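Novice: Sending over a structure as structure tokens; questions will come in a sec.
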Amino acid sequence: MKEHSISGNTFAVKTVNIDYIKDSGNIRANDSDVSDLAASIKAHGMLHPITVTQDKASLGLYYVLVAGHRRFAAAKQIGLKEIPCHVISDQSKAALQEIALTENVSRVEMTPYEECLAVKNLENKKNTPAQIAKRLGRTVRWVMVRKKLADAGKEVLDKVKDGKIELGAAAKLVELPDKTFKQEMEDAWNLTASDAERIIHRLTHDLDSAKFDVSPCLGCAKCSDAQKDLFENDQKAFCLDNDCWNKMCQKQAQKRVQELQAEGKQATCDGDEFDDNGIEKWASDFKVAEENGIAKRVFVHPHDLTEVKYYDRRDLPDFEEETKEQRKERIEKENTEREFERKRESMFKERLRRAIIEKCFDFSSHADPIVTVLAFASDNYLISDEAAKECLGVETEDGYCGDLEDIPEGKTFRDVANAIRRSGESVLDEIYSTSKLQKLYTMVSAISPEKLMPTDKEVQAAIDEEKSNENSEEDED
Numbered sequence: 088m089k090e091h092s093i094s095g096n097t098f099a100v101k102t103v104n105i106d107y108i109k110d111s112g113n114i115r116a117n118d119s120d121v122s123d124l125a126a127s128i129k130a131h132g133m134l135h136p137i138t139v140t141q142d143k144a145s146l147g148l149y150y151v152l153v154a155g156h157r158r159f160a161a162a163k164q165i166g167l168k169e170i171p172c173h174v175i176s177d178q179s180k181a182a183l184q185e186i187a188l189t190e191n192v193s194r195v196e197m198t199p200y201e202e203c204l205a206v207k208n209l210e211n212k213k214n215t216p217a218q219i220a221k222r223l224g225r226t227v228r229w230v231m232v233r234k235k236l237a238d239a240g241k242e243v244l245d246k247v248k249d250g251k252i253e254l255g256a257a258a259k260l261v262e263l264p265d266k267t268f269k270q271e272m273e274d275a276w277n278l279t280a281s282d283a284e285r286i287i288h289r290l291t292h293d294l295d296s297a298k299f300d301v302s303p304c305l306g307c308a309k310c311s312d313a314q315k316d317l318f319e320n321d322q323k324a325f326c327l328d329n330d331c332w333n334k335m336c337q338k339q340a341q342k343r344v345q346e347l348q349a350e351g352k353q354a355t356c357d358g359d360e361f362d363d364n365g366i367e368k369w370a371s372d373f374k375v376a377e378e379n380g381i382a383k384r385v386f387v388h389p390h391d392l393t394e395v396k397y398y399d400r401r402d403l404p405d406f407e408e409e410t411k412e413q414r415k416e417r418i419e420k421e422n423t424e425r426e427f428e429r430k431r432e433s434m435f436k437e438r439l440r441r442a443i444i445e446k447c448f449d450f451s452s453h454a455d456p457i458v459t460v461l462a463f464a465s466d467n468y469l470i471s472d473e474a475a476k477e478c479l480g481v482e483t484e485d486g487y488c489g490d491l492e493d494i495p496e497g498k499t500f501r502d503v504a505n506a507i508r509r510s511g512e513s514v515l516d517e518i519y520s521t522s523k524l525q526k527l528y529t530m531v532s533a534i535s536p537e538k539l540m541p542t543d544k545e546v547q548a549a550i551d552e553e554k555s556n557e558n559s560e561e562d563e564d
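88 is the number of the first residue of the sequence shown in my numbering; add one for each residue after it.
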């Protein structure tokens, strides 16, 4: 019988009669069917011994199974009489549980939920994340993800168990403060990698982008630079405390406001003050401010420190402090003006889109072949891909339209041209902004796009028609 020493425990490797081994119950939450494992053991033998300890109650005659429950069950299933065992001499209950946990995590494919419980169990036995990582042959980050999920409580663990939180996604957020991490996990419905990326973008900040002195941040415990174990491959330093970052930005914004005021400019970093008194470009008061040569004030955004110049209604010639009723009337008026301009913008964009379609996709006579080939060129991949996949039924290995040879048999140039036109309309409508459409229209028509701008009368007529249709639908209901 050969002896080995592992982590302070002495093991002896010996062959034991399977009838003299008691199954103590698996520490794992559940075991899957062992049929495949049994077939493997039958074909190749028991490659890895199970771990047992002598049963004191039987005066050493029997052994108690510590780790290797699935291998033990598989061996019994195929009728093995004897089985190779690591016999451990240290019989303290805590030590045996730790050995079982370590083997389960290291050798068996546990579920994410079980991994979280196992890591937490090892931590409860006074192991640090670094010690657990070393014992399991994992990284500290691997351990910390599962530890933080376990620490987040039953609600979060249930989501892990149900597959609603991907461990890979949670790993992207492990550097967040515990309270923030827990809150994000509780709020998540189905946490995917893309969800995690959005959370990172919202809650963490690259110190290189800071517009304030970051030297105090570099020594902060909530800076990624202070968590090397979690940021092994990261060269940049990130602030992980969103609240602290916002306070630093607020402080810098106030400092910038003071600088502007010292230059004789009116400035603020109060978002409510800006929202309540700033005049938007579409509002009628904006023109009044322009005509009266009113100087613009400066709003310093308290979160990103961007500066916006704006007209303030308090600087208008006829400005008077508003009563609550007057404020309500003004807001209603501004909302009406806003909706009016939105409708004008929508109508203008639709006119531009239609005009461009007519100019660019006029597939008549001999132009069909030339335009079709050009439209399927890589320059117009958005239009060509949509036309190919949705309108022509083109399928390629990579999901994109490669070239004309992919077009199905029986399709004519007219089919292709019509497909491109339909997809072109969709792309122009969904992707192109009004400013892009204006530039494109100027290119294809050599006419100023302003000629397509709806008049006030046309916009009002469209709004009235929409309201009339809405009223008719309500009457029908």
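Glycine is no exception: its CB is placed at the ideal position from the N, C-alpha and C atoms.
All values reported here derive from a predicted model rather than from experimental measurement.
What does the Cβ neighbour count give for ASN139, buried or exposed, with the cut at 16 atoms within 10 Å?
Specialist: Looking up residue 139 in the sequence shown gives position 52. What sits at residue 139 in the sequence shown is Val, not Asn. It is buried - the Cβ of VAL139 has at least 16 other Cβ atoms within 10 Å.
Novice: Less than 7 Å between C-beta atoms, sequence neighbours within five positions excluded: which residues of the same chain meet that for GLN348?
Specialist: Position 261 of the sequence shown holds residue 348. Excluding sequence neighbours, GLN348 sits near ALA354.
Novice: Could you name the residues of the same chain whose beta carbon sits closer than 6 Å to that of ARG394, not counting the 5 residues immediately before and after it, in chain order?
Specialist: Locating residue 394 in the sequence shown gives position 307, where the first residue counts as 1. The residue asked about is misnamed: residue 394 is Glu in this sequence, not Arg. Closer than 6 Å at the Cβ level, and outside the excluded window around GLU394, lie VAL385, VAL387.
Novice: Do GLU421 and ALA340 have their C-beta atoms closer together than 8 Å?
Specialist: As a working note, residue 421 is residue 334 in the sequence shown. As a working note, residue 340 is residue 253 in the sequence shown. No, these two residues do not count as a Cβ contact at 8 Å.
Novice: Just to confirm the assignment, what range does the beta strand (DSSP E) spanning LEU152 have?
Specialist: Here residue 152 refers to the residue found at position 65 of the sequence shown. Unbroken beta strand (DSSP E) run through LEU152: 150-154.
Novice: Tell me where the alpha helix (DSSP H) around LYS396 begins and ends.
Specialist: Residue mapping note: residue 396 aligns to position 309 of the sequence shown, counting from 1. From DSSP, LYS396 is part of no alpha helix (DSSP H) but of the beta strand (DSSP E) over 394-399.
Novice: Buried or exposed: ASP531, going by 16 or more other Cβ atoms within 10 Å of its Cβ?
Specialist: Counting from one through the sequence shown, the residue named residue 531 turns up at place 444. The question names Asp, but residue 531 in the sequence shown is Val. Classification for VAL531: exposed.
Novice: Would HIS135 count as contacting chain B if we go by Cβ distances under 8 Å?
Specialist: In the structure shown, chain B cannot be found, because there is only a single protein chain.
Novice: Helix, strand or coil for THR423, going by three-state DSSP, please let me know.
Specialist: Taking the sequence shown and counting its residues from 1, the one referred to as residue 423 is at position 336. Helix, per DSSP.
Novice: Between which two residues does the beta strand (DSSP E) containing ARG343 stretch?
Specialist: Counting from one through the sequence shown, the residue named residue 343 turns up at place 256. Segment 329-349 is the alpha helix (DSSP H) holding ARG343; no beta strand (DSSP E) there.
Novice: Could you tell me how far apart the beta carbons of LYS207 and LYS163 are, in whole angstroms, since I believe they sit closer than 8 Å?
Specialist: The residue labelled residue 207 in the question sits at position 120 within the sequence shown. The residue labelled residue 163 in the question sits at position 76 within the sequence shown. About 31 Å; that fails the 8 Å criterion.
Novice: Are the stretch 436-447 and the stretch 537-556 touching, with three or more C-beta to C-beta distances below 8 Å?
Specialist: As far as the Cβ criterion goes, the stretch 436-447 touches the stretch 537-556, which means the pair count is three or higher.
Novice: How big is the Cα-Cα spacing for TYR398 and ARG509?
Specialist: For this step, residue 398 is matched to residue 311 along the sequence shown. For this step, residue 509 is matched to residue 422 along the sequence shown. Cα to Cα, the separation comes out at about 44 Å.
Novice: Is VAL227 helix, strand or coil by DSSP?
Specialist: Position 140 of the sequence shown, counting from 1, holds the residue named residue 227. Helix at VAL227.
Novice: Starting from GLU169, trace the beta strand (DSSP E) in both directions and tell me its first and last residue.
Specialist: Counting from one through the sequence shown, the residue named residue 169 turns up at place 82. From DSSP, the beta strand (DSSP E) with GLU169 extends over 169-175.
Novice: What residue does the beta strand (DSSP E) around HIS386 start on, and which one ends it?
Specialist: The count along the sequence shown starts at 1 and reaches residue 386 at position 299. A quick correction: the sequence has Phe, not His, at residue 386. It spans 384-387 - the beta strand (DSSP E) in which PHE386 sits, taken as one unbroken run.
Novice: Where does GLY240 sit, in a helix, a strand or coil, going by DSSP?
Specialist: Taking the first residue of the sequence shown as position 1, residue 240 is located at position 153. Of the three classes helix, strand and coil, the one that applies to GLY240 here is coil, per DSSP.
Novice: To the nearest angstrom, how far is the alpha carbon of GLU408 from that of ASP391?
Specialist: Here the question's residue 408 lines up with position 321 in the sequence shown. Here the question's residue 391 lines up with position 304 in the sequence shown. Between GLU408 and ASP391, the C-alpha separation is close to 31 Å.
Novice: State the start and end residues of the unbroken alpha helix (DSSP H) segment that holds VAL375.
Specialist: To locate residue 375, count along the sequence shown from 1; it is residue 288. Here the alpha helix (DSSP H) through VAL375 covers 371-378.
Novice: Tell me whether ALA257 sits in a helix, a strand or coil according to DSSP, three-state version.
Specialist: Taking the first residue of the sequence shown as position 1, residue 257 is located at position 170. The answer is helix: DSSP assigns ALA257 an H, G or I state.
Novice: Out of curiosity, what's the CA-to-CA distance linking ARG157 and LEU260?
Specialist: Within the sequence shown, the letter at position 70 stands for residue 157. Within the sequence shown, the letter at position 173 stands for residue 260. Going from the Cα of ARG157 to the Cα of LEU260 covers about 34 Å.
Novice: Which residue's Cα is closest to the Cα of LEU167: ARG429, LYS143, ILE128, MET197?
Specialist: Looking up residue 167 in the sequence shown gives position 80. For the residues ARG429, LYS143, ILE128, MET197, the minimum Cα distance to LEU167 belongs to ILE128.
Novice: In three-state DSSP terms, what is ILE105?
Specialist: Start at 1 with the first residue of the sequence shown, and residue 105 comes out as number 18. Here ILE105 sits in helix by DSSP.
Novice: Relative to the alpha-carbon of MET231, which residue among GLU242, TYR149, LEU209 has its alpha-carbon at the smallest distance?
Specialist: Your numbering for residue 231 matches position 144 in the sequence shown. Cα-wise, what sits closest to MET231 is LEU209.
Novice: Apart from the five residues just before and just after PHE159, which ones in its own chain have a Cβ nearer than 6 Å to its Cβ?
Specialist: Here residue 159 refers to the residue found at position 72 when the sequence shown is read from its first residue. So the list reads ILE137, LEU152, once near-sequence residues are dropped.
Novice: Measuring straight from C-alpha to C-alpha, what distance separates ASP106 and ASN277?
Specialist: Position 19 of the sequence shown, counted from the first residue, corresponds to residue 106. Position 190 of the sequence shown, counted from the first residue, corresponds to residue 277. Going by the C-alpha atoms only, they are around 47 Å apart.
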